[in-house]
Amino acid sequence: DQGHHEFTYSLYPHRGDWRRGTVRRAWELNLPLRAVFVPAHPGKKPPRFGLVRADARHVVISTVKKAEKAPGLIVRVYEAHGRRGPVTLSFGLPLRAAYECNLVEEEEWPIPHVGDRVRFQITPYQIRTFRVEM
58 DQGHHEFTYS LYPHRGDWRR GTVRRAWELN LPLRAVFVPA HPGKKPPRFG LVRADARHVV
118 ISTVKKAEKA PGLIVRVYEA HGRRGPVTLS FGLPLRAAYE CNLVEEEEWP IPHVGDRVRF
178 QITPYQIRTF RVEM
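Start counting at 1 in the sequence shown, then tack on 57, and there's your number in my numbering.
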């Protein structure tokens with residue numbers, strides 16, 4: 058490499074198992090929270106709103122973005138602690154449709170959803186990508 062390079066490093070001393078907070082702290086260091094101005098919404102706003110949440114602490118929601126090839130949002134998750142088991146993604150609004158797809162948003166297949174939730178199994182370090190329509 059040539060030219061000027063900058064980097065950040067951090068030591069995170071902790072007690073016990075590395076699975077308690079280390080992945081979250083790494084995300085906070087590498088992708089700090091960024092505030093974005095959103096114009097005023099004319100309707101009543103809830104006191105708290107989350108677009109998507111995973112019920113399993115070992116699953117990280119790494120991407121939420123507008124789908125490029127179809128309507129809806131892309132939500133990508135991965136398993137970070139080498140565990141397996143059931144996961145439920147809960148969305149802030151009821152779902153009209155849910156699909157699983159590959160990393161480039163192709164080869165979709167419908168997945169069951171109930172209300173605002175999608176439930177699936179995950180294996181150690183697996184990446185899963187979903188397209189949802191609200």
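For every residue, glycine included, the Cβ atom is placed at its ideal position computed from N, Cα and C.
Closest Cα partner of residue 159 within the set 133, 150 and 146 | 133
Distance, residue 115 Cα to residue 180 Cα | 11 Å
With DSSP collapsed to three states, give me the class of residue 176.
-> strand
Where DSSP assigns a beta bridge to residue 155, which residues make up the other side?
-> 189
Helix or strand or just coil, what does DSSP make of residue 81?
-> helix
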